[in-house]
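Chemist: Take 1 as the starting number for the sequence shown in the UniProt record's numbering and just add one per residue. Built from N, CA and C at the ideal position, the CB exists for glycine as well. Fair warning: this is a prediction, and the values are worked out from it, not measured in the lab.
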Amino acid sequence: MGMVMEEGKKVEPLGFGYPALVRPGRTRVGWVGIGVMGGAMATRLLAAGFTVTAYARTSVKADALVAAGASVADSPASVAAASDVVFTMVSDPGDVRAVVLDRASGALAGLRPGGVLVDCTSSSPSLAREIAAAARSTGCHAVDAPVSGGDAGARDGTLAILAGGDEAVVAWLAPLFAHLGTPTHMGPPGSGQSSKIANQMAVAGAVVGLSESLAFADAAGLDARLFLDAVSKGAAGSCVMDIFGTRAVNRDFASGPGSARYIIKDLGMALEIGDGQEEDEATALPGAALFRQMFSAMVANGDGDLCVRGLITVIERLSGIHK
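Below you can see the structure in the form of structure tokens.
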């Protein structure tokens with residue numbers, strides 16, 4: 001792609017997708033999956049001046065985005081046909097495969113050469129590599145870019161973005177990522193997903209620790225809010241405590257995107273890799289196995305759709321505490 005000359009100076013290349021410069025008013029964004037996280041992220045890009053075309057299986061979920069100025073398409077392929085960059089933020093690897101790789105309706109079927117796929121779903125490293133290969137075969141590009149930071153991070157644009165793929169393409173996406181959070185190029189395709197799985201193990205452990213400490217403090221007769229404020233200033237303080245602590249004390253378990261079902265899925269992928277089903281070497285992950293069992297108890301108790309901070313209810317049940 002050549003450069004346009006203006007008064008003897010080079011200006012940005014014109015054209016579609018990568019490597020034409022990303023800028024509001026020129027770069028067209030597609031968004032597939034507009035739940036709590038995806039909807040907030042897409043709204044931020046709209047507010048930054050990017051045109052957004054969205055797809056949601058449940059059309060009512062698009063209402064707020066349409067009110068903010070987005071257009072709606074009837075399939076991921078139609079979204080891609082109207083976009084330079086297509087973000088996906090769906091539930092699990094099966095959904096990712098369907099909305100990206102379906103030969104008739106998937107995003108890759110509608111994307112022109114030069115287009116870029118960005119999957120923000122917490123998904124499988126091997127699937128990310130498969131998508132990257134499929135994109136390359138059609139002259140497109142794919143980045144696996146799962147995020148961490150919860151609904152507050154999505155709303156405020158402070159997410160940690162863990163990006164796997166071609167480093168130049170990840171850098172090219174910077175003007176979009178800047179409105180969503182802080183990106184880090186983690187390595188080749190699949191590296192973003194591997195990073196997110198490792199992140200989820202750390203988050204799960206922190207949630208278990210927070211839940212047990214709050215249950216213990218309550219049983220000891222401590223003021224839970226005073227306890228949280230005091231220990232957050234020391235070594236026990238963490239982002240998990242900041243995001244979930246007060247909500248857990250307030251018994252607010254319903255809000256937020258990080259449901260027990262999702263973290264069970266993520267920890268399950270970690271254990272599959274640990275068993276050598278995806279990677280060359282197996283890794284012993286006893287903590288991940290225990291954490292998954294504890295979150296599975298939330299599902300068994302009928303609380304699988306609650307936020308992960310609801311794990312304290314499992315601790316309370318085990319301790320005979322009824323609230």
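1. Taking only runs of the alpha helix (DSSP H) that begin and end inside the stretch 74-123, which ones reach a length of at least 4 residues, in chain order?
2. For G150 versus A160, is the C-beta distance shorter than 7 Å?
3. For V207, report the span of its beta strand (DSSP E) as first-last.
4. Give the secondary structure of V235 by DSSP, where H, G and I count as helix, E and B as strand, and everything else as coil.
5. D144 by DSSP, collapsed to three states: which one?
6. Starting from the C-beta of A48, find all residues in its chain whose C-beta is less than 7 Å away, skip the five residues before and the five after it, and write them out in chain order.
7. Whole angstroms is fine: what's the gap from L65's alpha carbon to V72's?
8. Per DSSP, P183 forms a beta bridge with which residues?
9. In this structure, does DSSP put T53 in helix, strand or coil?
10. Whose CA, out of Y262, A288, L290, A289, lies closest to the CA of L306?
11. Using the three-state DSSP reduction, which class does G30 fall into: helix, strand or coil?
12. With three or more C-beta pairs closer than 8 Å as the rule, is the stretch 280-295 touching the stretch 239-250?
13. Where does H185 land, buried or exposed, given buried means 16+ other C-beta within 10 angstroms?
14. When we look at the beta-carbon of V79 and count the other beta-carbons within 10 Å, is it buried (16 or more) or exposed?
15. Evaluate L318 with the Cβ neighbour count: other Cβ atoms within 10 Å of its Cβ, from every protein chain shown; 16 or more gives buried, anything less gives exposed.
16. Give me the Cα-Cα distance between Y18 and G153, rounded to the nearest whole angstrom.
17. In the DSSP assignment, find the alpha helix (DSSP H) that holds G287 and state where it starts and stops.
18. Hey, would you say R155 sits closer than 7 Å to F244, going by beta carbons?
19. Assuming V169 and V147 make a contact with CB atoms under 8 Å, what is their CB distance in whole Å?
20. Which same chain residues end up closer than 7 Å to A82 when comparing Cβ atoms and leaving out the 5 residues on each side of it in sequence?
21. Could you give the residue range of the alpha helix (DSSP H) that holds D321?
22. Measure the beta-carbon distance from A68 to T43 and round it to whole angstroms, keeping in mind my assumption that it falls under 8 Å.
23. Just how far apart, CA to CA, sit C140 and F50?
24. Buried or exposed: which applies to D166, given that a residue is buried once 16 or more other Cβ atoms fall within 10 Å of its Cβ?
25. For D102 and A284, I'd like the C-alpha separation in whole angstroms.
26. Between the stretch 210-217 and the stretch 85-98, do at least 3 Cβ pairs fall closer than 8 Å?
27. Say yes only if the C-beta of S194 is nearer than 6 Å to one or more non-hydrogen atoms of the ligand ATP, and no if none qualify.
28. Just verifying my parser: in three-state terms, what is the DSSP assignment at V22?
Modeler: From the atom records:
1. 76-81, 93-101, 107-110
2. no
3. That residue, V207, is in no beta strand (DSSP E); its alpha helix (DSSP H) goes 191-219.
4. The amino acid at residue 235 is misidentified as Val; the sequence shows Ala. Looking at A235 - three-state DSSP - the assignment turns out to be coil, as it is neither helix nor strand.
5. strand
6. P24, H179
7. 9 Å
8. I161
9. strand
10. Y262
11. strand
12. no
13. buried
14. buried
15. exposed
16. 27 Å
17. 286-300
18. no
19. 17 Å between Cβ atoms; not a contact.
20. R28, G30, T53, A73
21. Correcting the residue identity first, residue 321 is Ile in this sequence and not Asp. Taken as a continuous stretch (DSSP letters only), I321 belongs to no alpha helix (DSSP H), as it is neither H nor E.
22. 6 Å
23. 21 Å
24. buried
25. 35 Å
26. no
27. Inclusion of the ligand ATP in the displayed structure is not the case, the ligand content being empty and no account of it being possible.
28. coil
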